[in-house]
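Before any comments, here is the structure.
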Amino acid sequence: MLIDSAERHTRAGRLSRAVRAYRRVLAQARIGEYEHELAQARLGDLHLGQGRPEQAWSHLCRARALAADEPEYALMAGRALAAAGRPDDAAAHLFDAVGAAGHGAQALAELARLAGERGDRPSARRLARCAARQDPRLSRLSRDYADA
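All you need for this note's numbering is the position in the sequence shown, starting with 1, plus 807.
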């Protein structure tokens, strides 16, 4: 199965091969099939990890259209848009992930970073504090904005 092959390439660090395998999945799977959705999300994640946020966004936008209620896709889309220099668009997607168990703390942390980059340190502090309450591993971010 192509998905399995793509996943193995990803885990082994053969990212170019993984991208090619996921593209083959897109060529074969129909829109609406889980394999198509997963390939879009994985391609978005791979492109984001390789510093290509615009390409990541195009795949993540499609993944979100296929599964609008998936908080992981919202988080990844927000990260891609933030990396592409579109903080307002990023925030809209990140807010979709805030209430999700497992992704909410990361979404809050990303929103804190966006607020900090905008120069809104009081908001960054509040968001970082909320993120750290949900996930203690994010307490350093909270300390970064403690003086705000």
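For every residue, glycine included, the Cβ atom is placed at its ideal position computed from N, Cα and C. As the structure is a prediction and not an experimental result, all values here were calculated from the model.
Straight-line Cα distance separating residue j from residue i
i      : j      : result
Glu844 : Ala872 : 9 Å
Arg815 : Gln913 : 26 Å
Ser949 : Leu918 : 12 Å
Ala881 : Val905 : 9 Å
Gly858 : Met883 : 13 Å
Gly923 : Ala889 : 13 Å
Ala898 : Ala916 : 11 Å
Pro943 : Arg933 : 15 Å
Trp864 : Gln941 : 27 Å
Tyr841 : Leu833 : 11 Å
Residue i - DSSP class collapsed to helix/strand/coil
i      : result
Ile810 : helix
Tyr952 : coil
Gly923 : helix
Glu844 : helix
Asp876 : coil
Val832 : helix
Glu905 : As written in the sequence, residue 905 is Val, which differs from the Glu given in the question. The answer is coil: DSSP assigns Val905 none of H, G, I, E or B.
Arg837 : coil
Ala897 : helix
Asp942 : coil
His854 : helix
Ala891 : coil
Reference residue i; option with closest CA among the options
i      : options                           : result
Leu808 : Gly820, Leu822, Ala819 and Gln835 : It is Met, not Leu, that sits at residue 808 in the sequence shown. When each option's Cα is compared against that of Met808, the closest is Gln835.
Tyr829 : Ala939, Asp811, Glu861 and Leu855 : Asp811
Ala908 : Tyr841, Ala891 and Glu879         : Glu879
Ala935 : Asp951, Glu842 and Gly820         : Asp951
Arg837 : Glu861, Val826, Arg869 and Gln941 : Arg869
Ala813 : Glu840, Leu853 and Asp903         : Leu853
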